[in-house]
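The next block holds one structure in the form of structure tokens; read it before the comments.
There are 2 protein chains.
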Amino acid sequence: MSSATPPGSAAPPDPGTPPASGTASPVAAFAALADETRWAVLQALADAGPGSAAGAGAPGGGADAGTSAAGLTASALADRLPVTRQAIAKHLAVLEAAGLVESRIVGRERRYRALGAELTALGRRLERIGDAWEARLGRIAAIAKELERG
Amino acid sequence: MSSATPPGSAAPPDPGTPPASGTASPVAAFAALADETRWAVLQALADAGPGSAAGAGAPGGGADAGTSAAGLTASALADRLPVTRQAIAKHLAVLEAAGLVESRIVGRERRYRALGAELTALGRRLERIGDAWEARLGRIAAIAKELERG
DNA sequence: CGAATGTGCAACCGTTGGGTTGCACTGACC
DNA sequence: GGTCAGTGCAACCCAACGGTTGCACATTCG
Numbered sequence: 000m001s002s003a004t005p006p007g008s009a010a011p012p013d014p015g016t017p018p019a020s021g022t023a024s025p026v027a028a029f030a031a032l033a034d035e036t037r038w039a040v041l042q043a044l045a046d047a048g049p050g051s052a053a054g055a056g057a058p059g060g061g062a063d064a065g066t067s068a069a070g071l072t073a074s075a076l077a078d079r080l081p082v083t084r085q086a087i088a089k090h091l092a093v094l095e096a097a098g099l100v101e102s103r104i105v106g107r108e109r110r111y112r113a114l115g116a117e118l119t120a121l122g123r124r125l126e127r128i129g130d131a132w133e134a135r136l137g138r139i140a141a142i143a144k145e146l147e148r149g
Numbered sequence: 000m001s002s003a004t005p006p007g008s009a010a011p012p013d014p015g016t017p018p019a020s021g022t023a024s025p026v027a028a029f030a031a032l033a034d035e036t037r038w039a040v041l042q043a044l045a046d047a048g049p050g051s052a053a054g055a056g057a058p059g060g061g062a063d064a065g066t067s068a069a070g071l072t073a074s075a076l077a078d079r080l081p082v083t084r085q086a087i088a089k090h091l092a093v094l095e096a097a098g099l100v101e102s103r104i105v106g107r108e109r110r111y112r113a114l115g116a117e118l119t120a121l122g123r124r125l126e127r128i129g130d131a132w133e134a135r136l137g138r139i140a141a142i143a144k145e146l147e148r149g
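Going line by line, the protein sequences match chains E and A.
If you're matching positions, the first sequence starts at 0 in numbering that gives the first Met the number 0 and goes up one per residue.
If you're matching positions, the second sequence starts at 0 in numbering that gives the first Met the number 0 and goes up one per residue.
Structure (structure tokens):
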């Protein structure tokens with residue numbers, strides 16, 4: 000009971016842990032990744048490129064040129080996805096709480112961008128846990144073989 | 000809309016895909032990993048070692064010696080965790096559907112074991128997606144800089 | 001055979017969660 | 001200053017989920 004310690008169940012009161020930056024809890028991140036709509040949001044954020052930023056609408060002019068790599072707003076995402084802006088906002092809140100997304104207030108709008116590094120870190124953690132399990136299984140098999148041989 | 004393709008949303012009818020083996024859908028796996036009790040189950044399965052297999056009970060004799068690395072039953076897990084056997088059974092069903100756990104019927108009992116390799120594969124996939132996002136962000140930043148200079 | 005252990009299915013309950021609608025508010029633009 | 005786009009909060013609905021209880025079925029052991 001010491002190798003893989005993913006959840007915060009056995010964690011101490013956690014007193015001196017300011018909201019440093021990244022992942023809150025792995026399970027929260029998994030819960031955030033457990034929804035297809037949320038994946039769609041993440042993917043839309045991930046391939047949000049310059050030129051297709053604000054998308055349709057913006058009749059006045061080009062407007063958001065310049066800081067093109069700043070991400071998308073909830074409304075822009077709602078334009079791309081078949082759900083309400085409010086639903087998107089909730090999803091973005093979940094994703095941000097899980098540390099998978101970051102938000103910046105620009106003018107009167109809030110731009111979100113995906114944090115791929117957090118995803119990568121989470122993946123690496125999963126990888127390590129899986130490897131630990133496999134290793135333990137191997138060890139058990141070895142012991143069993145040993146016992147069999149006498 | 001071509002780099003990372005985690006969910007099965009945009010997937011074709013998927014006609015000729017027999018239940019090859021492992022992971023059904025990544026989102027299913029994440030949903031499976033999004034519960035603390037399920038993590039506890041996985042961990043209990045992961046460090047299920049010889050000697051502590053059937054746990055307390057078994058008054059008759061040693062019984063399950065031999066195939067000690069075969070995994071734990073739902074009842075044994077229910078003995079270790081503060082939930083009902085039925086709850087454990089449901090969790091195991093979810094985990095098995097997600098491809099994170101495997102079951103073997105021995106006598107009248109069903110033994111489960113954790114599939115660490117699947118976890119590892121899932122982690123690797125996450126890692127790749129995160130890296131792809133980061134790469135795309137870098138490319139966007141480069142383009143923005145180019146535009147600024149031009 | 002009878003008793004015990006283990007499993008599986010089904011009903012049920014409380015809570016969470018995705019999604020919508022509606023409204024109030026604030027910052028930008030004419 | 002008035003209007004318009006964009007956000008935020010709150011209420012509400014319905015489906016899914018975690019969990020329990022209860023019972024019926026199989027299988028092993030005395």
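Heads up, the beta-carbon is just placed ideally off N, CA and C, and yes, glycines get one too.
In this structure, the alpha-carbon of Arg124 of chain A lies about 31 Å from that of Leu80 of chain A.
Counting only residues of its own chain and dropping the five nearest sequence neighbours on each side, Leu44 of chain E has a CB closer than 8 Å to the CB of Gly70, Leu71, Leu76, Val100, Tyr111, Arg112, Ala113. Taken atom to atom, the span from the alpha-carbon of Ala116 of chain E to that of Ala73 of chain E is near 22 Å. Arg109 of chain E: member of the beta strand (DSSP E) spanning 109–113, first to last residue. Around Arg135 of chain A, the beta-carbon contacts reaching into chain E at under 7 Å are Ala45, Asp46. Counting along the chain, the unbroken alpha helix (DSSP H) around Val40 of chain E starts and ends at 35–45. Pairing Asp46 of chain A with Pro25 of chain A, the inter-Cα distance amounts to about 24 Å. Identification of chain A residues near Glu126 of chain E by a Cβ-Cβ cut-off of 9 Å yields Leu118, Thr119, Ala120, Leu121, Gly122, Arg123, Leu125, Glu126, ordered along the chain.
Residue contact check for Leu71 of chain E against chain A: no CB pair falls below 8 Å. For Val40 of chain A, not one C-beta of chain E is nearer than 8 Å to its own C-beta. Taking the Cα positions, Ala88 of chain A is about 21 Å away from Ala30 of chain E. The Cβ of Ala92 of chain A sits no closer than 8 Å to any Cβ of chain E. Rounded to whole angstroms, the Cβ separation of Gly129 of chain A and Glu126 of chain E is 12 Å, and the two are not in contact under 8 Å.
Against chain E, a Cβ distance below 7 Å from Asp130 of chain A picks out Gly115, Thr119.
Using a Cβ-Cβ cut-off of 8 Å, Ala96 of chain E does not count as an interface residue toward chain A, since no Cβ of chain A sits closer than that to its own.
For Val26 of chain E, the uninterrupted alpha helix (DSSP H) segment begins and ends at 25–31. Look at Ala30 of chain A: its C-beta is under 8 Å from a C-beta on chain E. In the three-state scheme derived from DSSP, where H, G and I count as helix and E and B as strand, Val105 of chain E is classed as coil. Here Ala27 of chain E is near Ala96 of chain E, since their CB atoms are less than 8 Å apart. Annotated three-state conformation of Leu118 of chain E is helix, per DSSP.
For Val82 of chain A, the closest C-alpha among the options A:Leu32, A:Thr36, A:Ala134 is that of A:Thr36. Ranked by how close their Cα comes to the Cα of Trp38 of chain A, the residues A:Leu118, A:Ile104, A:Arg109 have A:Leu118 in first place. Straight-line measurement puts the Cα of Ser102 of chain A at about 20 Å from the Cα of Ala131 of chain E. With respect to Ala86 of chain E, Ala33 of chain A sits apart: the two C-beta atoms are not nearer than 8 Å.
In this structure, DSSP gives Leu80 of chain A a state outside helix and strand, which the three-state scheme calls coil. If you ignore the 5 residues before and after Val105 of chain A, its C-beta comes within less than 7 Å of the C-beta of Ala69, all in its own chain and listed in chain order.
Each residue's CA atom was taken as its position, placing His90 of chain E and Arg107 of chain A some 45 Å apart. Inter-residue distance for Gln42 of chain E and Arg135 of chain E is about 36 Å (C-alpha atoms, whole angstroms).
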